[in-house]
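Read the structure below first, then the notes.
There are 2 protein chains.
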Amino acid sequence: MALPTIDDDSLAASLFEVFRCRGYEGTSISLLSEVTGLKKSSLYHRFPAGKDDMAKAVVLYVSSQLHTYIIGPLLNDKQVPEQRFNTMLTTINSFYHEGKKNCLLNVLSLGEKKKEISELLNKDYSDWLDALIKLAKDAGLSKKEAKIRSEHFLIAIQGALVIQRLINNSQTFQNAMEYEEKLFFK
Amino acid sequence: MALPTIDDDSLAASLFEVFRCRGYEGTSISLLSEVTGLKKSSLYHRFPAGKDDMAKAVVLYVSSQLHTYIIGPLLNDKQVPEQRFNTMLTTINSFYHEGKKNCLLNVLSLGEKKKEISELLNKDYSDWLDALIKLAKDAGLSKKEAKIRSEHFLIAIQGALVIQRLINNSQTFQNAMEYEEKLFFK
DNA sequence: GTCTATAAAGAGATAGAC
DNA sequence: GTCTATCTCTTTATAGAC
């Protein structure tokens, strides 16, 4: 009883790869159709509100990944903060393909704002930030310093992704992350 | 003898505002026509190669601004490094409208690469980086440390712009820049 | 739930008058 | 150098058969 159709998660994963590479405006339904193997009308059947709906599904998919693989482990009290941070670095290195892939937080917040998508992205950022702040406090930092360093780290991720894409140097992201790790616990 | 038409620099400035807000794919010729007050065919008259040509003109325009108002003053030996850095902060704060406007280095390096534009953006980044490295060495840092801190600072600019756009908090960029200034000279 | 076919609007781009 | 008018292709989206 083979599945006659691609399941929602795999579908979202395929859409995600296109949106993260090309941004919202740069992504066409035709391209999504090619990549997923579903005809355009099938995509509309599964996402009745159209392209916005597809982007939203992608954001929800990534949000779920973020909470499962990054935020969850960040809050795992059974490991010391340094270990948890290091686990996060490994995960994001893989998630961003060593810095060669973009972050939705950047590419989908460009241009005309779709309010609902902005709010979802915002919430993800905020959740990630809160988890980092908690970790930093666990590591002994003051509340204020924990907040500053956590914001700084998330800024560094986004910036390093932009710069690596710009100069096309495959080491930029990883080097930056190693540097940030030292700064975070210094 | 009033000018019958908008001059090249003002035109590029208008195009720039659209491209920086909406990115390459999000910018349509119709919109550029509205914003500049020139009909579409007039735009094509001035940019025969079309949209790519317009984007290229924007990059060249911004590159000129970057060298005049940022890189030049960074290399001005008559001021101490701290003063020069501070001048740069004031300038970029204005250039990015206190962090509310995007950087071309981010928005134009998305999606399908136009090779020529990528190379121009790359050169601008590289020039800016070199000027910062020289300044850092003037401030007494080792060559290696100068390079690391300069890269880190340019990463922080891009990251702070992304995060401010994302969370729509008008203080993010300025706070980040103040923090980075301390890190740079520490 | 997927498909073929098609509609309607918008995109980038060009021709030719003034 | 700018304009009106138009072309062609692609876009988002829908209708209806299977």
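Protein sequences appear in the order of chains A and B.
For the first sequence, our numbering assigns the number 32 to the initial residue and increments by one for each residue that follows.
For the second sequence, our numbering assigns the number 32 to the initial residue and increments by one for each residue that follows.
We put the beta carbon where it would ideally sit given N, CA and C, even for glycine.
Every value quoted in this text rests on a predicted model; they were computed, and no experiment measured them.
Cβ distance (whole Å) where residue i is taken to contact residue j below 8 Å
| i | j | result |
| --- | --- | --- |
| A/Leu152 | A/Leu136 | 5 Å |
C-beta contact flag for residue i and residue j at 8 Å
| i | j | result |
| --- | --- | --- |
| A/Asp185 | A/Tyr156 | The identity of residue 185 of chain A in the sequence shown is Leu, whereas the question assumes Asp. Taking 8 Å as the Cβ cut-off, A/Leu185 and A/Tyr156 qualify as a contacting pair. |
| A/Ile101 | A/Thr67 | no |
| B/Ser201 | B/Lys131 | yes |
| A/Ala170 | A/Pro112 | yes |
| B/Gln205 | B/Asn124 | yes |
| A/Thr203 | A/Ala191 | yes |
| B/Lys154 | B/Asp83 | no |
| A/Leu141 | B/Val89 | no |
| A/Leu69 | A/Arg115 | no |
| A/Glu147 | B/Gly57 | no |
| A/Leu105 | A/Met119 | yes |
| A/Ile60 | A/Leu74 | yes |
| A/Leu160 | A/Ser173 | no |
Helix, strand or coil at residue i according to DSSP, with G and I counted as helix
| i | result |
| --- | --- |
| A/Thr36 | coil |
| B/Gln205 | helix |
| B/Glu56 | coil |
| A/Phe78 | coil |
| B/Tyr127 | coil |
| B/Ala5 | Limits of chain B in this structure are 32 at one end and 217 at the other, which puts residue 5 of chain B out of reach. |
| B/Glu143 | coil |
| A/Gly103 | helix |
| A/Leu69 | coil |
| B/Gln110 | coil |
| A/Leu160 | helix |
| B/Ser149 | helix |
Original post:
Going along the segment 111-143 of chain A in order, which residues come within less than 7 Å of chain B, judged by CB to CB distance?
Top reply: From the segment 111-143 of chain A, only Leu136, Asn137, Val138, Ser140, Leu141, Gly142 have a Cβ closer than 7 Å to chain B.
Subject >> Interfacial residues, the segment 35-69 of chain B to chain A, with Cβ spacing under 9 Å >> reply: Cys52, Arg53, Gly54, Tyr55, Glu56, Gly57, Thr58
Subject >> Under 9 Å (Cβ pairs) to chain A, residues found in the segment 179-193 of chain B >> reply: Those residues of the segment 179-193 of chain B that come within reach of chain A (Cβ to Cβ, closer than 9 Å) are Ile179, Glu182, His183, Leu185, Ile186, Ala187, Ile188, Gln189, Gly190, Ala191, Leu192, Val193.
Original post:
What are the residues of the segment 148-168 of chain B that lie near chain A, defined by any Cβ-Cβ distance shorter than 7 Å?
Top reply: Leu152, Asn153, Tyr156
**OP:** Scan the segment 194-207 of chain B for residues whose Cβ lies nearer than 7 Å to a Cβ of chain A and list them as they occur along the chain.
**Re:** Ile194, Arg196, Leu197, Ile198, Ala207
**OP:** Select from the segment 74-93 of chain A all residues with a C-beta closer than 9 Å to any C-beta belonging to chain B, and list them in chain order.
**Re:** none
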